[in-house]
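Asks: Under this note's numbering, the first residue of the sequence shown is numbered 111, with each subsequent residue one higher.
Backbone N, C-alpha and C define an ideal beta-carbon position, used for all residues, glycine too.
Computed from a predicted model, the values in this text were never measured in an experiment.
Take this structure first; my questions come after.
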Amino acid sequence: MLLEAIYHRPKQNWAYAYDRSTIHLRVRTKRGDMDSVQAIVGDKYAWDRTKHKVKMRIFASDALFDYWETEAEPPFRRLRYAFGFKQGKSKLYLTESGFVEQLPDDCLTFFDYPFINPVDVFQPPAWVKDAVFYQIFPERFANGDPSLDPERIEPWGAKPTPSNFFGGDLKGVIDHLDYLQELGINAIYFTPVFEATTNHKYDTRDYMKVDPQFGSNELLKSLVDLCHKRGIKVLLDAVFNHAGATFGPFLDAQEKGADSSYAGWFHVRDWPLRVEDGIPTYDTFAFEPIMPKLNTENPDVKKYLLNVARYWVEEIGIDGWRLDVANEVDHAFWREFRNTVKDVNPDAYILGEIWHDSMTWLQGDQFDAVMNYPFTNAVLDYAAYGKLDGRGFANAIGTQLANYPQQVSEAAFNLLDSHDTPRLLTLAGDDERRMKLAALFQFTYPGTPCIYYGDEVGMSGGGDPDCRQCMVWDESRQNGGLLHFYRKLIALRKEHAALRSMDFAFLHAEAKDAAIAYERRSGDERFIIAMNAGDTSRKLTVHAAGGMWQDAFTGETAKAKDKSLTIKLEAGQFVVYKHLG
111 MLLEAIYHRP
121 KQNWAYAYDR
131 STIHLRVRTK
141 RGDMDSVQAI
151 VGDKYAWDRT
161 KHKVKMRIFA
171 SDALFDYWET
181 EAEPPFRRLR
191 YAFGFKQGKS
201 KLYLTESGFV
211 EQLPDDCLTF
221 FDYPFINPVD
231 VFQPPAWVKD
241 AVFYQIFPER
251 FANGDPSLDP
261 ERIEPWGAKP
271 TPSNFFGGDL
281 KGVIDHLDYL
291 QELGINAIYF
301 TPVFEATTNH
311 KYDTRDYMKV
321 DPQFGSNELL
331 KSLVDLCHKR
341 GIKVLLDAVF
351 NHAGATFGPF
361 LDAQEKGADS
371 SYAGWFHVRD
381 WPLRVEDGIP
391 TYDTFAFEPI
401 MPKLNTENPD
411 VKKYLLNVAR
421 YWVEEIGIDG
431 WRLDVANEVD
441 HAFWREFRNT
451 VKDVNPDAYI
461 LGEIWHDSMT
471 WLQGDQFDAV
481 MNYPFTNAVL
491 DYAAYGKLDG
501 RGFANAIGTQ
511 LANYPQQVSE
521 AAFNLLDSHD
531 TPRLLTLAGD
541 DERRMKLAAL
551 FQFTYPGTPC
561 IYYGDEVGMS
571 GGGDPDCRQC
581 MVWDESRQNG
591 GLLHFYRKLI
601 ALRKEHAALR
611 SMDFAFLHAE
621 AKDAAIAYER
631 RSGDERFIIA
641 MNAGDTSRKL
651 TVHAAGGMWQ
661 DAFTGETAKA
671 KDKSLTIKLE
681 AGQFVVYKHL
691 G
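So, in structure tokens, the structure goes:
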């Protein structure tokens, strides 16, 4: 046994309460090193009467490790536990004190889960597991009210620049709610809608006012109400890391310097506020002079922003917040933010923009989820870029599953592109087949998928500002086949719980092979999805339940023989087999 590879630590993603009665236990070992692993569990105050052994299973693997998992339902909501490992004739145990060859009779040296306190159980909103998000950049989605257009507007569909405008507004979204409902989405994430000077609105002037270019607070409330009547949730973008250069308190600090009553609202290294050699004398987002960083430790700043957080949930009825540059704001503020929002609506979804491992923010006291860019990168490396073979992709996904508690993975915000990245079709080298493979995995994987507006009709575009082109509404310029694919994909996910469940397992993922197959289950429902991201045809034989299987896209059937299913895939082809029995 390679003892150096074995790892466990109480709490976080290694030992956590999944609900008010269930504790999930996990331990890591070297990949392929153990024949079996078990957990020895019991109540510390009644050890002799409650101790028992629980078999563990490998729920994920990556290039180096196997990750084992089991669950326990302690009758008194507290647990002492240790792990037992078997390799051939060798046995070894791991307690909190280290490795031992003989398990102690008492549990004083065992790991301790002191108590499942219901208030500490991390439970993201249940509706998120069934959500399909659609991201809208309001200025570029649809122009519904030309009377709101800013000066020097460009013709709809012209080339976007960092500073030009096209007149998209909230009325344009209202006018196309039928389209969104027919597409099948049931949640919208809007980039900022508050008053600002730019087309992207990440330089907030007034956090309590919808930008007049988009409409009014009353119109936004009407939009939210109309969405709710259609079963569509609404998420707004909160830019609390920084404000805009036209934000009232910043203007006051600019004018009065250190004597301003708002001087403490910002992080100032030197007065007066100015820019020297391209670097502002005050902290900003990414050295942008028009985006001064807010001091969220300041009591007045906290009071102001928390009032903003409450107002839009309480008065306008939004269903949650996406938090911009969330990793640069202090944790104490986010804890207060969560309490404020959840006090108004316990089912509100709090989504942080973090591009890296985010366990620190996902322990039930801050966010419900983060924008899952590590997932994005893994899927793109496999399906769009062809950088990963099947084994490499499975390893990357295994790492993802092991990094977080189950409820975090269930509510993860899984995107493939956004207003901050090139568009999916462009990332896929304008190869529609590769784009479809990426989207197929996204929609048949645990978590919450999000479509960036226009991807579904074949819009392409490089990095900002090219990825922020005007939505294509002319049907003659839309990719009708791709739109049909997305509608079918969304409908399949919404119809079948197996495609949303956490029961996920790779059936085929090998080195030097770009074809993969994986199984999805929920109750008696069972799917096998296979795809070929390579340039040559492949023939796979995978373990499968006996009987007939039917491709959900083509209707073609295949019969499993000797508990095996043979799948033939041309380059770029996929199948989505549903078990018929």
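#1: Which residues does DSSP list as the beta-bridge partners of Ala-127?
#2: Would you check if the stretch 235-243 and the stretch 252-260 touch, i.e. whether three or more CB-CB distances between them fall below 8 Å?
#3: Where does Arg-603 sit, in a helix, a strand or coil, going by DSSP?
#4: What does a CB cutoff of less than 6 Å around Gly-163 pick up in its chain, not counting 5 residues either side in sequence?
#5: Could you tell me the boundaries of the alpha helix (DSSP H) in which Ser-519 lies?
#6: With C-beta atoms as the reference, is Thr-139 less than 9 Å away from Phe-195?
#7: Asp-661 by DSSP, collapsed to three states: which one?
#8: Which same chain residues, not among the five before or five after Gly-572, have their C-beta less than 7 Å away from its C-beta?
#9: I need the boundaries of the beta strand (DSSP E) containing Phe-175, first residue and last residue.
#10: Would you please state the rounded distance, in angstroms, between the beta carbons of Val-451 and Ile-464? I believe it to be under 8 Å.
#11: In whole angstroms, what separates the C-alpha of Gly-508 from that of Thr-391?
#12: Could you give the distance in angstroms between the alpha-carbon of Leu-202 and the alpha-carbon of Gly-208?
#13: Hey, quick one: how far does the alpha helix (DSSP H) through Leu-534 stretch, first residue to last?
#14: So if DSSP puts Ala-348 in a beta bridge, which residue, or which two residues, is it bridged to?
#15: Hey, how far is the Cα of Arg-190 from the Cα of Arg-597?
#16: Nearest to Trp-266 by CA position, among Ala-252, Ser-273, Ser-171, is which residue?
#17: Can you give, in chain order, each stretch of the beta strand (DSSP E) that sits fully within the stretch 226-304 and has at least 3 residues?
#18: Pick out whichever of Ser-332, Arg-603, Leu-330, Gln-364 has its Cα sitting closest to the Cα of Asn-296.
#19: Please name the residue or residues paired with Gln-148 in a DSSP beta bridge.
#20: I'd like the span of the alpha helix (DSSP H) that includes Asn-455, first residue to last.
#21: Please report the straight-line C-alpha distance between Arg-448 and Tyr-483, rounded to a whole angstrom.
#22: Restricting to Cα atoms, I'd like to know which of Val-385, Gln-683, Glu-566, Phe-485 is closest to Phe-397.
#23: Please report the residue range of the alpha helix (DSSP H) in which Pro-409 lies.
#24: Is it true that the CB of Gln-473 sits closer than 9 Å to the CB of Lys-121?
#25: Would the stretch 607-622 count as touching the stretch 649-659 if we require 3 or more Cβ pairs under 8 Å?
#26: Check whether the Cβ atoms of Gly-644 and Ala-668 sit closer than 9 Å, and answer yes or no.
#27: Do you know how far the Cα of Asp-661 is from the Cα of Ser-674?
#28: Tell me, please, whether the stretch 345-355 touches the stretch 277-296 by the rule of three or more beta-carbon pairs shorter than 8 Å.
#29: List the DSSP bridge partners of Thr-356.
#30: DSSP three-state label for Thr-486, please.
#31: Residues in its own chain within less than 6 Å of Leu-415 by CB, not counting five upstream and five downstream?
#32: Helix, strand or coil: how does DSSP classify Thr-500 here?
#33: For the 8 Å Cβ check, are there 3 or more pairs between the stretch 578-594 and the stretch 267-277?
#34: So for Asp-321, helix, strand or coil by DSSP?
#35: Which whole-angstrom value is the C-beta distance of Glu-179 and Met-166, which I expect to be below 8 Å?
#36: Whose CA, out of Gly-568, His-606, Leu-609, lies closest to the CA of His-594?
Replies: Let me spell this out:
#1: Bridge partners of Ala-127: Ile-133.
#2: No, the stretch 252-260 is not in contact with the stretch 235-243.
#3: DSSP places Arg-603 in helix when its eight states are reduced to three.
#4: Rather than Gly, the amino acid found at residue 163 in this sequence is Lys. Excluding positions up to five away in sequence, the list reads Gln-148, Ile-150.
#5: Segment 516-521, the alpha helix (DSSP H) holding Ser-519.
#6: One thing to note: Thr-139 has its Cβ within 9 Å of the Cβ of Phe-195.
#7: DSSP places Asp-661 in strand when its eight states are reduced to three.
#8: The beta carbon of Gly-572 is closer than 7 Å to those of Pro-532, Thr-536 in its chain, skipping five residues each way along the sequence.
#9: Per DSSP, the continuous beta strand (DSSP E) segment holding Phe-175 begins and ends at 175-182.
#10: About 18 Å; that fails the 8 Å criterion.
#11: If you draw a straight line from the Cα of Gly-508 to the Cα of Thr-391, it is about 44 Å long.
#12: For Leu-202 and Gly-208, the distance between alpha carbons rounds to 10 Å.
#13: 534-537 is the extent of the alpha helix (DSSP H) around Leu-534.
#14: The partner list for Ala-348 (beta bridge, DSSP) reads Leu-433.
#15: In this model, Arg-190 and Arg-597 are separated by some 49 Å (Cα to Cα).
#16: The shortest C-alpha separation from Trp-266 is found at Ala-252.
#17: Segments of the beta strand (DSSP E) lying fully in the stretch 226-304: 243-246, 297-300.
#18: Arg-603 is the residue among Ser-332, Arg-603, Leu-330, Gln-364 whose C-alpha sits nearest the C-alpha of Asn-296.
#19: Lys-165, Gly-194, per the DSSP bridge assignment.
#20: From DSSP, Asn-455 is part of no alpha helix (DSSP H); its letter is neither H nor E.
#21: When only Cα atoms are considered, Arg-448 and Tyr-483 end up about 22 Å apart.
#22: Of the candidates Val-385, Gln-683, Glu-566, Phe-485, the one whose C-alpha sits nearest the C-alpha of Phe-397 is Val-385.
#23: Annotation for Pro-409: the continuous alpha helix (DSSP H) segment containing it runs 409-424.
#24: The answer is yes: Cβ separation under 9 Å.
#25: When C-beta atoms of the stretch 607-622 are compared with those of the stretch 649-659, three or more pairs fall below 8 Å, so the two segments count as touching.
#26: No.
#27: If you take the alpha carbons of Ser-674 and Asp-661, they lie about 16 Å apart.
#28: The stretch 345-355 makes no contact with the stretch 277-296, as fewer than three CB pairs between them are under 8 Å.
#29: Bridge partners of Thr-356 according to DSSP: none are assigned.
#30: Helix.
#31: Only Phe-350 meet the Cβ criterion.
#32: Strictly speaking, residue 500 in this sequence is Gly, with Thr absent from that position. Reduced to three states, the DSSP call for Gly-500 is helix.
#33: Of all C-beta pairs linking the stretch 578-594 to the stretch 267-277, three or more are shorter than 8 Å, placing the two stretches in contact.
#34: In the structure shown, Asp-321 adopts coil according to DSSP, grouped into three states.
#35: The C-beta separation of Glu-179 from Met-166 comes to about 6 Å, placing the pair in contact by the 8 Å criterion.
#36: Looking only at Gly-568, His-606, Leu-609, the smallest Cα-Cα distance to His-594 is reached by Gly-568.
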